[in-house]
Amino acid sequence: MKTVLRLAVLLCLTLLFAGCGVPTIDANSEETMRSSIEKVKNTLPGDKKELFEGALKIILFDKITPRDIVQTKIFDTGATQRKIKEALHEKNAEQIIKEARAILKRKEAEHLRKEQEAQRLKEERQLQQVKKALAIQKQAIQLKKDGQLCQALSKYQEIMAIDEIIKLPNEITVNTKEAIEELNKKISYLEKVEIHRFEATHINTLSRKNIPAVRFKLNNTGDRNLNKVSITIYFKNAIGKIIKEKNYHPIFVTEYKNSRNTKPLEAGHSWDMPEGEYYTIDDMPSEWQDGEAEIKVTDLEFVK
């Protein structure tokens, strides 16, 4: 009975320590590491040998950086050898392969995280650029309303420059291109609306004396009929500084019957103020003197 019991215990111990015979890597020195890796590899079937070799490379490249290699060549601190030992020492083929798979899984997760972060940053930058483009668009629209066509055109061109860097929503680019085309046509036509007989002076009326006033005549020398012509007059002081601006719309076709101007300024035709009639200006600074003014055509609209 005792003999059988001893045999049973011996068998259990044999089975328990059967795994102790699985070869592992000895990384105590470069020589033992090379020979033990070869021994571990030789115990594996053909397909698993390649898997083992690939796993070794994955682990080593994960643990050792190019900087470690450079430092080893220059300083020979032994730090790289310690990292290799920590990565491989006393590990068998299955452990090496398992660890390599875990590294690949971790790297895949890191790559995915980086891609998601890059996409988030890209979307954030795009949103910022869209907000910037909309703000510039708002400025451009106001500049158009104020008759500052060249400045408005410059703002719209800024939007298109943003679109070259980061694709803007189609609605913004379409509206911007249409605005640029419209402004280019307007700006090129401004010089075809000529101003004649411009006067900036003081006049007396039946009810008031010495009132600042202006009058002018327009000639449409181009080939387009105009529904709107806007004029801006810049009043200056003795040193040429602008002290007041005044806008006029002598041609302004609207649907309202009571509008003063109901006819377009046709190509090749003129618009003139009746003899003796002026536009008077209120709140003119007292320093202004007769003739100290500049007049420009600042906006227009074509008859469609």
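Here the sequence shown is numbered in our numbering, starting from 1 and rising by one per residue. Beta carbons: idealized from backbone N, C-alpha and C, even for Gly. This structure is a prediction, so every number in the text was calculated from the model and none was measured.
| Item | Value |
| --- | --- |
| Per DSSP, Thr232 is paired with what? | Asn247 and Lys296 |
| Does DSSP put Ile203 in a helix, in a strand, or in coil? | strand |
| Could you tell me the distance, in whole angstroms, from the CA atom of Thr24 to the CA atom of Thr32? | 11 Å |
| So, at 6 Å on beta carbons, what are the nonlocal neighbours of Glu323 in its own chain, with the 5 sequence-adjacent residues on each side left out? | As displayed, the chain neither begins before 1 nor continues past 304, which places residue 323 out of reach and without an answer. |
| Give me the Cα-Cα distance between Thr176 and Asn247, rounded to the nearest whole angstrom. | 26 Å |
| DSSP on Arg224, reduced to helix/strand/coil? | coil |
| Ile172 and Ile180: beta carbons closer than 8 Å? | no |
| Rounded to the nearest angstrom, how far is the Cβ of Asp308 from that of Lys217, given a contact under 8 Å? | Residue 308 falls outside the range modelled here, since the chain spans only 1 to 304, and no answer is possible. |
| Is the number of C-beta pairs between the segment 219–235 and the segment 261–280 that are closer than 8 Å three or more? | yes |
| Output needed for Gln129: all residues of its chain with C-beta closer than 6 Å, excluding positions within five of it in sequence on either side, in chain order. | Ile162 and Ile166 |
| When the Cβ atoms of the segment 139–152 are set against those of the segment 103–120, are three or more pairs found closer than 8 Å? | no |
| DSSP three-state call for Arg208: helix, strand or coil? | coil |
| So what's Ile162 in DSSP terms, helix, strand or just coil? | helix |
| What separation, rounded to the nearest whole angstrom, lies between the Cα atoms of Ala87 and Lys132? | 51 Å |
| Report the rounded CA-to-CA distance for Thr93 versus Pro45, giving the unit in angstroms. | With the sequence shown as reference, residue 93 is identified as Ala, and Thr is not the correct amino acid for it. Cα-Cα distance, rounded: 11 Å. |
| If I measure Cβ to Cβ from Ile211 and keep anything under 8 Å in the same chain, skipping five residues before and after, which residues do I get? | His202, Ile203, Asn204, Thr205, Thr280 and Ile281 |
| Looking only at DSSP bridge pairs, what is Ser270 linked to? | Asn219 |
| Determine the contact status of Asp47 and Ile103, defining contact as a CB-CB distance below 8 Å. | no |
| Of the residues Ile233, Thr254, Glu301 and Gln139, which one's Cα is nearest the Cα of Met284? | Ile233 |
| Leaving aside the five residues before and after Gly54 along the sequence, list all residues of the same chain whose C-beta is less than 6 Å from its C-beta, in chain order. | none |
| Going by C-alpha to C-alpha distance, which of Ser230, Leu134 and Gln116 sits closest to Glu301? | Ser230 |
| The alpha helix (DSSP H) that contains Ser315, what's its start and end? | For the chain, the structure presents residues 1 to 304; residue 315 sits outside this window and is missing. |
| On the premise that Ala135 lies in contact with Tyr156, defined as a C-beta separation below 8 Å, what is that separation, rounded to the nearest angstrom? | The Cβ separation is near 13 Å, so there is no contact. |
| Where does the unbroken alpha helix (DSSP H) through His111 begin, and where does it stop? | Ala93 to Lys145 |
| Closer than 7 Å to a non-hydrogen atom of the ligand ATP - does that hold for the CB of Ile172? | With respect to small molecules bound, the structure shown includes none, and the ligand ATP cannot be examined in it. |
| When the Cα atoms are used, what is the spatial distance from Lys228 to Lys209? | 32 Å |
| Between the Cα of Asp299 and those of Glu194, Glu30 and Ile97, spot the shortest distance and give me the residue it belongs to. | Glu194 |
| Taking DSSP as the reference, what is the three-state secondary structure of Thr280? | strand |
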